[in-house]
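Participant: In the numbering used here, the protein residues as written are 7 to 197.
(1) Measure the beta-carbon distance from residue 98 to residue 186 and round it to whole angstroms, keeping in mind my assumption that it falls under 8 Å.
(2) Kindly indicate which residue of 78, 88, 46 has the alpha-carbon position closest to the one of residue 148.
(3) Below 8 Å on the Cβ atoms is my guess for residue 82 versus residue 170; work out the distance and round it to an integer in Å.
(4) Could you say which of 34, 30, 61 lies nearest to residue 44 if we only look at CA atoms?
(5) Would you identify the three-state DSSP class for residue 111, choosing helix, strand or coil?
(6) Helix, strand or coil for residue 20, going by three-state DSSP, please let me know.
(7) What residues in its chain sit with their C-beta under 7 Å from that of residue 23, if we drop five residues either side in the sequence?
(8) Quick check: what's the CA-CA separation for residue 63 versus residue 129?
(9) Please confirm whether residue 100 and residue 42 have their CB atoms less than 8 Å apart.
(10) Closest Cβ-Cβ distance between residue 79 and chain C: below 8 Å?
(11) Could you check whether residue 37 and residue 137 sit closer than 8 Å to each other, using their CB atoms as the reference points?
(12) In terms of alpha-carbon separation, which member of 120, 115, 146 lies closest to residue 132?
(13) In terms of DSSP beta bridges, what is residue 77 paired with?
(14) If you count every other CB in all the chains shown that lies within 10 Å of the CB of residue 73, and 16 or more means buried, which is it?
(15) Use the C-beta contact count for residue 111: other C-beta atoms within 10 angstroms, 16 or more gives buried, fewer gives exposed.
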């Protein structure tokens with residue numbers, strides 16, 4: 007996308023996303039509150055009830071933003087902005103590993119300490135999922151035209167076998183480009 011003086015350039019776009027800071031934190035708190043550790047498979051819930059609940063929660067948030075959404079058998083789902091045959095994707099996940107010991111706060115309650123947020127999945131990878139979703143919302147709200155579909159994909163079983171995306175892509179097209187902002191890795195291009 008080309009930008010001219012006064013249009014929405016990346017710096018200004020980042021500032022626009024920050025206006026959603028309180029909403030993003032509230033939505034992250036909703037997701038962190040779901041103990042989405044993968045459990046035994048159930049009919050229609052391949053990674054258990056809590057993982058399916060977390061996937062449903064983020065898709066409900068996206069739907070409330072007016073984004074197109076789809077749940078693919080509770081393996082994974084997506085929210086999408088834009089149109090066209092070509093697609094770019096941000097790949098995240100909403101399941102978590104067990105909390106384990108060492109927490110001095112409730113791991114399933116988002117806690118703020120200064121500028122830091124603590125909670126199971128806040129860094130890996132529910133926080134990234136929420137940010138990806140709000141990037142789509144900002145594009146939509148600012149009416150920024152997209153030359154391709156931009157999809158935020160949310161896996162529901164990444165922490166145990168990563169077959170969530172294998173199953174997802176059996177019925178959904180592969181993006182022509184993708185990245186994953188997973189945990190402390192920053193950006194893993196085409197992981």
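By construction, the Cβ of each residue, glycine as well, lies at the ideal position given by its N, Cα and C atoms. This structure is a prediction, so every number in the text was calculated from the model and none was measured.
Facilitator: In short:
(1) 7 Å
(2) 88
(3) 5 Å
(4) 61
(5) coil
(6) helix
(7) 140, 141, 144
(8) 18 Å
(9) yes
(10) The chain inventory of the structure shown lacks chain C, comprising one protein chain alone.
(11) no
(12) 115
(13) 83
(14) buried
(15) exposed
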